[in-house]
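In the numbering used here, the protein residues as written are 1359 to 2002. Virtual Cβ for every residue (Gly too), placed ideally from N, Cα, C. Owing to the predicted nature of the structure, the values given are computational and were not obtained by experimental measurement.
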C-alpha cells in the first residue's frame, strides 16, 4: 500500500506532468499507441480512479481490520475515549502546536503557497459576531510522524485528526465550520539547459529549488469536502476539476511505512540473511585476498541471495586500504545514506590514491543526496565529475588499478544494480568481478570517455549506449530470426518500450523464433497476437524482492550455443538514446550456467508470476508446480556455500 502510494506520487510528478506540458504546448503528435497527449491523460485518469477505488477498498475493508486483529489499530478521533483524548491533548500542546503556523486567506493575506506533496488542512472558520466566513490553511509539519502512537503502542491516530480536533486553539473566538485534509502534487521533473550551464552542480541545485514551485498537476481531497472549499482550492491552485481525486481513506498512505517499520517480527516475513558467494566464502573481506580470488577466475554475485557486503563492498574497501592499489574509478547513480563504499572512496583519496567518481546528479529524486555526496567526496580530494551533457550516466561499473609483481593489473566490477547497500538487500541484481584484460581496458576507455574529452565508440567487449547498444541488440535479434524456428531469445529487463527493438522482436516472432520476455515494469510490446507476436510470451515477477537484473540471452537451440549478456540497460528509448549504459558478454561457462539457471526458474515460477495478454491485461498463471523462483534461488546459493 505504501509502495503504491509513493509510486503514484512519482508517476504524477513526472509522467503526468510531462503529458500536461505537451498539452500546454499544443503538441498533438500521436504516440506509438496512436494516442495524443490529451487522450493519454484521459486514459490515465480513468485507470488511476479505478486503482484508487481499489486501494481505498483494500485499506478500509482489508488492511485496517487485519491490522486490528493483530493488535495494530488505526484509530480515528471519534473512536477515542476521554483518557485517550486527554493524552493527545498533551501530545498536541507539547509536540505539535509549537510548530504549527495557521495561514489565513483574506484581502491582506493572499492564498499561501502549497508545497509539493505536503499534507494540509483546509479550514473554514466563521466570526460569531459578524457571521463572516474565512478560509485558512494549516500545514501538517513534514518532520512530525504521520501517525501519533497511543501509550498502549497498539493504536495509531492520523496526525491531521489530532490537529483538526484542536483547531479551536489555533483560531480562538472563531467557529470552525469545516475542516478537511488536502494534498497537492506538483511537476517535479528537472528541466536543465546543460549546454548553457557553467557548473552542472549549481544548475541542478537551482533547478531543485525551482522544483518546489512546479505547476500543480493533482489535487487530493478528503471525501466530503464542501463544494465551496473545493472550488476555492481549484481556483487558487489552478487545477482542473478532472485532476481532483477524493478519498475516504487518509491521504498520503505512503505514511504507512511507519506502521510497516514497527518492531513486530511476527507480522513480517522471516528475516532474510544473505550468504557469501561461494567463491568468496573463505576470503577475508578486510584483506587483499579478494584480488587473488578474482584473478583466479571471474566471480558472479547474485544479490540479495549473495551478500553485497562481502563482495562488492569488500572489493572497494579492500582496494581503498591496499597499498598496492594505485587508482579506483567508479560510477555512482544511487547510493545509500550511510554508504560504506563512499566512505571507502574518501579514505582511498585521503591515503593518496587516485580516485575518480562519476556521480549522476540527475538521478531522479536522488539529486539532493547525490549533491551532498559529491561535495563530501570533493572535499576529500576525489576527482568528481557529473556526467556528460545531455546524457545520464546509468552504467554500473568500477575499476581498480593495482601494482603487482608482474606489472599493472586491472580489476573490474560490472553489474545491473546500483552501488547501494540498502537496496542490495531488497533488489535482485547480478554483478561480475573480473580481472579480464580486455574488460579492464574497456573500462579504462569508458572512464576516459566519461571524465575527459573522448569520442570513444568501439570497445573490445563492452557494448555501450548511446553509441552502439541498440544496433547490437537489433542485429542479435535479426541473427535469431535468420534461423527461424532454431532461434531463441530470452530477455529479462525492467522496461521494454523502444519501438525499433519491439519491431525487430515482432519480425523474429513471425520468423518462428520462440521469445520469452521477463519485464518488471512497462512493456509496450503486445504478445500473443496471431500474425504479429504469436511466438512471444511476456511475464512479470512480483515477489519479496524487486526483480531488477538485466539479462539477455540469444540462441541455445540444437547445436547453436547460447550467448549471454548482463548490464545496466533496459530496452527503452531513454536508456538507448539518452543514457550511458554498458552491457558485457559473459564468456565463463560457470557464469553462463548460473544465468541459464536464473532465467529457467524465472520462466517456471507460478507463485510470483503475472502474464501479459494481448489485450494489455495481466493475469496470474495457474499454479501447477508451486515453484517460487526466489525461494529456490535462495536455497541454491546456500547449497553452493555448503559444498564449497
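Assign residue i to one of two classes, buried (16 or more other C-beta atoms within 10 Å of its C-beta) or exposed (fewer than that).
{"i": "residue 1938", "result": "buried"}
{"i": "residue 1375", "result": "buried"}
{"i": "residue 2000", "result": "exposed"}
{"i": "residue 1500", "result": "exposed"}
{"i": "residue 1666", "result": "buried"}
{"i": "residue 1781", "result": "buried"}
{"i": "residue 1554", "result": "Because the pLDDT at residue 1554 is just 42, under 50, the model does not fix this residue reliably, and the point stays unresolved."}
{"i": "residue 1752", "result": "buried"}
{"i": "residue 1762", "result": "exposed"}
{"i": "residue 1819", "result": "buried"}
{"i": "residue 1423", "result": "exposed"}
{"i": "residue 1448", "result": "exposed"}
{"i": "residue 1627", "result": "exposed"}
{"i": "residue 1683", "result": "buried"}
{"i": "residue 1368", "result": "exposed"}
{"i": "residue 1663", "result": "buried"}
Can you check DSSP and say which residues form a bridge with residue i?
{"i": "residue 1731", "result": "DSSP lists no partner for residue 1731."}
{"i": "residue 1403", "result": "Answer by DSSP bridge pairing: none, since residue 1403 is not bridged."}
{"i": "residue 1516", "result": "1505"}
{"i": "residue 1497", "result": "1478"}
{"i": "residue 1544", "result": "1574"}
{"i": "residue 1787", "result": "1661"}
{"i": "residue 1756", "result": "1688 and 1771"}
{"i": "residue 1358", "result": "Residue 1358 cannot be examined here, being either before or after the span of the chain that is shown, 1359 to 2002."}
{"i": "residue 1717", "result": "1690"}
{"i": "residue 1712", "result": "1685"}
{"i": "residue 1762", "result": "1765"}
{"i": "residue 1820", "result": "Answer is none; residue 1820 lacks a bridge partner."}
Relative to the C-alpha of residue i, which candidate in the options has its C-alpha closest?
{"i": "residue 1655", "options": "1753, 1851 and 1795", "result": "1795"}
{"i": "residue 1467", "options": "1828, 1495 and 1443", "result": "1495"}
{"i": "residue 1458", "options": "1765, 1497 and 1634", "result": "1497"}
{"i": "residue 1822", "options": "1783, 1871, 1750 and 1862", "result": "1750"}
{"i": "residue 1885", "options": "1475, 1867 and 1712", "result": "1867"}
{"i": "residue 1747", "options": "1789, 1714 and 1824", "result": "1824"}
{"i": "residue 1778", "options": "1836, 1793, 1688 and 1837", "result": "1688"}
{"i": "residue 1650", "options": "1629, 1455, 1625 and 1680", "result": "1680"}
{"i": "residue 1644", "options": "1678, 1612 and 1660", "result": "1678"}
{"i": "residue 1870", "options": "1840, 1787 and 1876", "result": "1840"}
{"i": "residue 1359", "options": "1767, 1412 and 1452", "result": "1412"}
{"i": "residue 1694", "options": "1730, 1708 and 1415", "result": "1730"}
{"i": "residue 1372", "options": "1439, 1854 and 1543", "result": "1543"}
{"i": "residue 1943", "options": "1367, 1932 and 1912", "result": "1912"}
{"i": "residue 1614", "options": "1948, 1653 and 1363", "result": "1363"}
{"i": "residue 1472", "options": "1578, 1603 and 1425", "result": "1578"}
{"i": "residue 1919", "options": "1437, 1967, 1951 and 1514", "result": "1951"}
{"i": "residue 1929", "options": "1965, 1616, 1882 and 1960", "result": "1882"}
{"i": "residue 1737", "options": "1426, 1673, 1707 and 1745", "result": "1707"}
So, helix, strand or coil for residue i, using DSSP?
{"i": "residue 2004", "result": "The requested residue 2004 is not part of the displayed model; the chain covers only 1359 to 2002."}
{"i": "residue 1521", "result": "helix"}
{"i": "residue 1510", "result": "coil"}
{"i": "residue 1490", "result": "coil"}
{"i": "residue 1769", "result": "strand"}
{"i": "residue 1793", "result": "coil"}
{"i": "residue 1580", "result": "strand"}
{"i": "residue 1743", "result": "strand"}
{"i": "residue 1825", "result": "coil"}
{"i": "residue 1966", "result": "coil"}
{"i": "residue 1652", "result": "helix"}
{"i": "residue 1604", "result": "strand"}
{"i": "residue 1635", "result": "coil"}
{"i": "residue 1868", "result": "helix"}
{"i": "residue 1738", "result": "coil"}
{"i": "residue 1682", "result": "coil"}
{"i": "residue 1801", "result": "helix"}
{"i": "residue 1594", "result": "helix"}
{"i": "residue 1646", "result": "coil"}
{"i": "residue 1780", "result": "coil"}
{"i": "residue 1534", "result": "strand"}
{"i": "residue 1837", "result": "helix"}
{"i": "residue 1750", "result": "strand"}
{"i": "residue 1556", "result": "The predicted position of residue 1556 is uncertain, since its pLDDT is 47 and thus under 50; no value can be drawn from it."}
Is there at least one Cβ from chain C nearer than 7 Å to residue i's Cβ?
{"i": "residue 1960", "result": "The chain labelled as chain C is not found in the depicted structure, where only one protein chain is given."}
Does the distance between the C-beta of residue i and the nearest non-hydrogen atom of the ligand SAH fall short of 6 Å?
{"i": "residue 1993", "result": "For the structure depicted, the ligand SAH is absent and the ligand set is empty, with no information on it obtainable."}
If we require 3 or more residues per run, which beta strand (DSSP E) segments fall completely within the stretch 1418-1486? 1461-1463 and 1477-1484
At 4 residues or longer, and completely inside the stretch 1969-2002: list those alpha helix (DSSP H) runs for me, N to C. 1987-2001
Residue ranges of each beta strand (DSSP E) run of no fewer than 3 residues wholly in the stretch 1875-1954, ordered along the chain? 1894-1899, 1909-1912, 1921-1925 and 1937-1944
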